[in-house]
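Engineer: Encoded as structure tokens, here's the structure I'll be asking about.
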Amino acid sequence: MEQTIKIGVSSCLLGKEVRYNGGHSHDRYITGVLGQYFTFVDVCPEVEAGFGIPRETLRLVGDPEAPRLLTSRSGRDCTDTMLHWAQKRVKEFEKENLCGFIFKSKSPSSGMERVKVYTEKGFPGSNKGVGLFARAFMANFPLIPVEEEGRLHDAALRENFIERIFALKRWRQLAEEKKKRGSIVDFHTNHKLQIMSHSLQHYRDMGRLVAHVKEMELEYLYEKYETMFMQALALKATVKKNVNVLEHMAGYFKNLLSKDEKQELHEVIEQYHRNYTPLIVPITLVNHYVRKYGQEYLKKQYYLNPHPIELKLRNRA
187 MEQTIKIGVS SCLLGKEVRY NGGHSHDRYI TGVLGQYFTF VDVCPEVEAG
237 FGIPRETLRL VGDPEAPRLL TSRSGRDCTD TMLHWAQKRV KEFEKENLCG
287 FIFKSKSPSS GMERVKVYTE KGFPGSNKGV GLFARAFMAN FPLIPVEEEG
337 RLHDAALREN FIERIFALKR WRQLAEEKKK RGSIVDFHTN HKLQIMSHSL
387 QHYRDMGRLV AHVKEMELEY LYEKYETMFM QALALKATVK KNVNVLEHMA
437 GYFKNLLSKD EKQELHEVIE QYHRNYTPLI VPITLVNHYV RKYGQEYLKK
487 QYYLNPHPIE LKLRNRA
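Under my numbering, think of the first position of the sequence shown as 187, with each following residue one higher.
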């Protein structure tokens with residue numbers, strides 16, 4: 187599955203010399219680590235919109251909610267050109283089946299948040315802008331995980347982003363098959379604990395949705411489930427939420443583990459709770475007990491293996 191996961195990426199982050207001065211912003215984590223698992227579809231809005239290399243720098247001006255895109259020295263208004271190109275490009279992306287997008291931070295075309303917006307008189311104003319292309323992409327694909335390369339240095343944001351990409355790919359594979367109510371039930375069953383680790387409220391709401399699958403039209407059911415699923419995973423898992431899931435899983439072994447094994451599992455969960463050890467420690471122990479005792483329900487839970495272990499996303503304390 188991993189080799190067929192496509193994500194969009196700002197071209198400069200891949201080392202392509204497309205910046206205003208002919209340079210790049212190569213991010214080696216993206217190309218060196220994520221490149222082992224994802225196929226990149228790159229885009230440089232400013233080049234593709236026809237502004238050339240090298241070019242005068244661009245900036246957002248005016249209302250942060252609806253800024254104009256102007257050249258920094260000559261003041262040429264490039265807003266309509268960029269918006270026209272962006273709307274056309276996002277429609278083309280509908281054919282790409284992207285499962286995520288990594289934007290270039292602070293860019294007036296690609297920044298997904300906190301882009302500098304200047305006043306009409308040319309003075310720096312707020313940092314509440316969104317790049318014109320990024321805004322168009324996110325509006326057209328509200329459920330696709332998006333991030334900026336700078337935010338990927340935050341371990342929690344990085345894990346959440348990558349986890350959602352793999353989850354969306356699994357959902358896409360299901361959606362491409364013949365639609366069946368039973369398929370939704372099976373998918374939900376295997377993702378219950380993953381959903382719980384992100385949002386207990388979504389876990390409850392989605393449980394009620396799945397309980398009434400026979401009463402719903404299939405297209406609506408699939409659309410509703412996808413929305414709730416991706417909205418749930420967009421909420422960050424926390425230590426408290428993970429401890430709740432770990433303790434929930436421990437309950438499946440109450441009649442299987444020896445006294446010493448129960449004590450060990452309790453201690454390992456508590457050590458994670460106190461931030462002494464990373465999540466991978468109790469997860470590894472639970473996986474061991476799943477194999478040892480053949481716990482079939484937990485064996486199918488994607489919470490225990492939501493993404494390749496080689497990415498080491500759960501190794502932070």
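Even for Gly, the Cβ is constructed at its ideal location relative to N, Cα and C.
Just so you know, these numbers come straight off a predicted model, no measurement behind them.
#1: Apply the 10 Å Cβ neighbour rule to ARG500 and answer buried if 16 or more other Cβ atoms are within range, or exposed otherwise.
#2: In the DSSP assignment, the alpha helix (DSSP H) including GLU334 goes from what residue to what residue?
#3: Got a sec? Which residues, its chain only, sit under 6 Å from LYS400 by beta carbon, not counting five neighbours each side?
#4: Kindly list the residues whose CB is nearer than 8 Å to the CB of LYS364, restricted to its own chain and excluding five residues on each side of it in sequence; keep chain order.
#5: Using only CA atoms, which one of LEU255, SER296, ILE288 lies nearest to THR305?
#6: With burial defined as no fewer than 16 other Cβ atoms inside 10 Å of the residue's Cβ, what is the status of ASN461: buried or exposed?
#7: So TYR488 packs on GLN380, CB below 8 Å; how close in whole Å?
#8: Do you know offhand how far PRO231's Cα is from PRO494's?
#9: On a Cα-Cα basis, can you pick out the residue from THR424, SER260, VAL472 that is closest to GLY447?
#10: Just to confirm before moving on: does the CB-CB distance between LYS202 and PRO250 stay below 8 Å?
#11: Quickly, what does DSSP pair PHE287 with across the bridge? List them, please.
#12: Measuring CA to CA, which of ILE288, GLY308, LEU451 is closest to SER260?
#13: According to DSSP, is PHE319 part of a helix, a strand, or is it coil?
#14: Which residue wins for smallest C-alpha separation from ASN441, given the options GLU403, TYR411, GLN481, SER369?
#15: Could you spell out where the beta strand (DSSP E) holding PHE226 opens and where it closes?
#16: Let me know the secondary structure DSSP gives LEU442 once reduced to three states.
#17: Which ranges does the alpha helix (DSSP H) cover as unbroken runs of at least 4 residues, wholly within the segment 395-446, from first to last along the chain?
#18: Whose C-beta lies closer than 7 Å to the C-beta of SER291 among residues of the same chain, with five residues either side of it excluded?
#19: By the DSSP assignment, the beta strand (DSSP E) with ARG275 in it spans what residues?
#20: Cutting at 6 Å between CB atoms, please list the residues of its own chain near SER196, excluding the five before and the five after it.
#21: Drop a sphere of 10 angstroms on the beta-carbon of HIS377, count the other beta-carbons inside from all chains shown, and report buried for 16 or more, exposed for fewer.
#22: Count the C-beta pairs between the segment 263-280 and the segment 211-222 that are closer than 8 Å, then say yes if the count reaches three, no if not.
#23: In chain order, what residues of the same chain lie with their CB nearer than 6 Å to the CB of TYR479, ignoring the 5 residues before and after it?
#24: I'd like the span of the alpha helix (DSSP H) that includes THR375, first residue to last.
#25: What is the DSSP secondary structure of TYR475, counted as helix, strand or coil?
#26: With the cut-off set at 8 Å, would you say ASN346 and LYS426 are in Cβ contact?
#27: Mind checking which residues open and close the alpha helix (DSSP H) that includes LEU169?
Structural biologist: With the structure as the only source:
#1: The count along the sequence shown starts at 1 and reaches residue 500 at position 314. For ARG500, the number of other beta carbons within 10 angstroms of its own is at least 16, and it is reported as buried.
#2: As a working note, residue 334 is residue 148 in the sequence shown. Per DSSP, GLU334 lies in no alpha helix (DSSP H); the unbroken beta strand (DSSP E) holding it starts and ends at 332-334.
#3: For this step, residue 400 is matched to residue 214 along the sequence shown. Its chain contains no residue whose beta carbon lies nearer than 6 Å to that of LYS400 once the 5 sequence neighbours on both sides are disregarded.
#4: Walking along the sequence shown from the start, residue 364 turns up at place 178. The beta carbon of LYS364 sits closer than 8 Å to no other beta carbon from its chain once the five residues preceding and following it are set aside.
#5: The residue you call residue 305 lines up with position 119 of the sequence shown. Among LEU255, SER296, ILE288, the Cα nearest to that of THR305 is on LEU255.
#6: The sequence position of residue 461 within the sequence shown is 275, counting from 1. So ASN461 counts as exposed.
#7: On the sequence shown, position 302 is the one that residue 488 refers to. On the sequence shown, position 194 is the one that residue 380 refers to. The C-beta distance from TYR488 to GLN380 rounds to 5 Å, short enough to meet the 8 Å contact threshold.
#8: As a position in the sequence shown, residue 231 is number 45, starting the count at 1. As a position in the sequence shown, residue 494 is number 308, starting the count at 1. Their Cα atoms are separated by approximately 32 Å.
#9: For the purposes of this step, residue 447 is taken as the residue at position 261 of the sequence shown. Looking at the sequence provided, one finds Glu at residue 447 rather than Gly. Of the residues THR424, SER260, VAL472, the one whose Cα lies closest to the Cα of GLU447 is VAL472.
#10: Here the question's residue 202 lines up with position 16 in the sequence shown. Here the question's residue 250 lines up with position 64 in the sequence shown. The answer is no: Cβ separation not under 8 Å.
#11: Here the question's residue 287 lines up with position 101 in the sequence shown. According to DSSP, PHE287 shares a beta bridge with GLY194, VAL332.
#12: Position 74 of the sequence shown, counting from 1, holds the residue named residue 260. Nearest of ILE288, GLY308, LEU451 to SER260, Cα basis: GLY308.
#13: Sequence index remark: in the sequence shown, residue 319 carries index 133 (1-based). Note: PHE319 maps to helix in three-state DSSP.
#14: Numbered from 1 along the sequence shown, position 255 holds the residue referred to as residue 441. It is GLN481 whose Cα lies nearest to the Cα of ASN441.
#15: Within the sequence shown, residue 226 is the residue found at index 40, counting from 1. Membership of PHE226 in the beta strand (DSSP E) is indicated by the continuous run 225-229.
#16: Taking the first residue of the sequence shown as 1, we reach residue 442 at position 256. It is coil, neither helix nor strand.
#17: Listed in chain order, the complete alpha helix (DSSP H) runs (minimum 4 residues) inside the segment 395-446 are 404-419, 425-436.
#18: Start at 1 with the first residue of the sequence shown, and residue 291 comes out as number 105. Excluding residues within five positions, the ones whose Cβ falls inside 7 Å are GLY297, GLU334, GLU335, GLY336.
#19: Counting from one through the sequence shown, the residue named residue 275 turns up at place 89. Taken as a continuous stretch (DSSP letters only), ARG275 belongs to no beta strand (DSSP E), being part of the alpha helix (DSSP H) at 265-279.
#20: Within the sequence shown, residue 196 is the residue found at index 10, counting from 1. Around SER196: PHE289, LYS290, SER296.
#21: Indexing the sequence shown from 1 puts residue 377 at position 191. With 16 or more neighbouring CB atoms inside 10 Å of its own CB, HIS377 falls in the buried class.
#22: Counting Cβ pairs under 8 Å, fewer than three are found: no touch.
#23: On the sequence shown, position 293 is the one that residue 479 refers to. Closer than 6 Å at the Cβ level, and outside the excluded window around TYR479, lie LEU442.
#24: As a position in the sequence shown, residue 375 is number 189, starting the count at 1. Where THR375 is concerned, the enclosing alpha helix (DSSP H) stretches over 367-384.
#25: Looking up residue 475 in the sequence shown gives position 289. In the three-state reduction of the DSSP assignment, TYR475 falls in the helix class.
#26: On the sequence shown, residue 346 is found 160 positions in, with the first residue counted as 1. On the sequence shown, residue 426 is found 240 positions in, with the first residue counted as 1. Not in contact: ASN346 and LYS426 (Cβ atoms no closer than 8 Å).
#27: Summary: the structure shown does not reach residue 169, with the chain confined to residues 187 through 503, and so no result is reported for it.
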